[in-house]
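*Asks:* Shown below is the structure under consideration.
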Amino acid sequence: MPPSAAEREMTAHDLVRALGVPDLPPRTSAFDPGYDPGTVRSHLEQSGRLLSRLKLSMATWLIADEAATRSKIEAAHRLQVPLVTGGGPYEIAQARGCLDAFVELCASLRIERIEVGEGFTEPRSPEGIMELARRHGLEVQVELGQKHGGAFDASTRDRLTDRGRRWLEAGAEQIVVEGRENAQGIGLFDETGALNTAFAEHFANAWGLERTVFEAPTKRSQFDLLAHFGNGVNLSNVRLEEILRVEIYRRGLHADSFHRELAPRPRPGEGA
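Right, dumping it as structure tokens:
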């Protein structure tokens, strides 16, 4: 006969529920810049249920041992973590006339989504790209913002807003706002790393918060975006070893977010 709830040993998840921490859907996309398969597998086993997806970032997976890449993909599938490729190899494949081959490869590896980058090459028609992706059963997310264009000004903000709308109308799942690997002097971040909250809010309002993803590769960028938008914001380019820190902050289990996210919530059994 199974033990009763009173007899069962307390687990960490039991305590989290007792603290009143809300159950949240996964909204953090992890960033794999070329970790070894064992590291990826271990982190996915530890944190995979907290991830919206795993990004095979840049072109590292194209030159890594293919068996190692397939091992990462298998681990993600086993642990039900969706996969997406980074926007860089898409742009290079497009510029070199190999886009069909790139998309075919992603589909053959059972990667569910590709990221279309428009950061350093000439962009193509959203409608044409969406048609190509659909033929291979792939979802699309689109990364907007120049890799070497610095922080956004108002003109860039407005141009990207319109471009994002066109992509969403064509069928893209989400729009990713460029932040690169340092979130400093790029996109929404000035040379000191400060977040332009007005521009971030503008994009979220234009595309919808659910369909907007902010690249947040640093602790400051992660915490600033969570503090501004709350725990419903989508973050990307978070390193695997930083996932748990981001997610305790998101839930109010961090000293810097407790009084905003968790303290105001009623304790279980107290009611609203």
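Residue 201 in the numbering used here sits at position 191 of the sequence shown; the count goes up by one each step and never skips. Just so you know, even glycine gets a beta-carbon here, dropped at the ideal spot from N, CA and C. The structure presented is a predicted model; accordingly, all values stated were derived computationally and were not measured.
Expressed to the nearest angstrom, what Euclidean distance is found between the alpha-carbon atoms of Lys157 and Gln194?
*Replies:* Whole-angstrom Cα-Cα distance: 12 Å.
*Asks:* In whole angstroms, give me the CA-to-CA distance for Asp266 and Met20.
*Replies:* Roughly 27 Å between the two C-alpha positions.
*Asks:* Which complete alpha helix (DSSP H) runs does the stretch 82-147 hold, if anything under 4 residues is left out?
*Replies:* Counting only runs of 4 or more, we get 97-105, 109-118, 136-145.
*Asks:* So for Thr21, helix, strand or coil by DSSP?
*Replies:* Looking at Thr21 - three-state DSSP - the assignment turns out to be coil, as it is neither helix nor strand.
*Asks:* The beta strand (DSSP E) spanning Gln151 covers which residue range?
*Replies:* That run of the beta strand (DSSP E) goes 149-154.
*Asks:* Can you find a C-beta in chain D that's less than 7 Å from the C-beta of Phe239?
*Replies:* Absent from the structure is chain D; it holds one protein chain and no more.
*Asks:* To the nearest angstrom, report how far apart Tyr259 and Gly97 are at their CA atoms.
*Replies:* Their Cα atoms are separated by approximately 28 Å.
*Asks:* For Thr222 and Ala74, I'd like the C-alpha separation in whole angstroms.
*Replies:* One C-alpha to the other measures close to 30 Å.
*Asks:* With a Cβ-Cβ cutoff of 7 Å, do Gly138 and Glu101 count as a contact?
*Replies:* It is not a contact, given that the beta carbons lie outside the stated cut-off.
*Asks:* Quick one: grab the DSSP three-state call for Asp289.
*Replies:* Examination of residue 289 is not possible in this model, given that the chain is present from 11 through 282 alone.
*Asks:* Assuming contact is defined by CB atoms lying nearer than 7 Å, are Phe268 and Leu245 in contact in what I supplied?
*Replies:* Result no, Cβ atoms of Phe268 and Leu245 do not sit closer than 7 Å.
*Asks:* So, for Leu250: in the same chain, excluding its five sequence neighbours on each side, which residues have a beta-carbon less than 6 Å away from its beta-carbon?
*Replies:* For Leu250, where only same-chain residues beyond five positions count, the Cβ hits under 6 Å are Ala40, His53.
*Asks:* For Thr207, does the three-state DSSP call read helix, strand or coil?
*Replies:* Helix, per DSSP.
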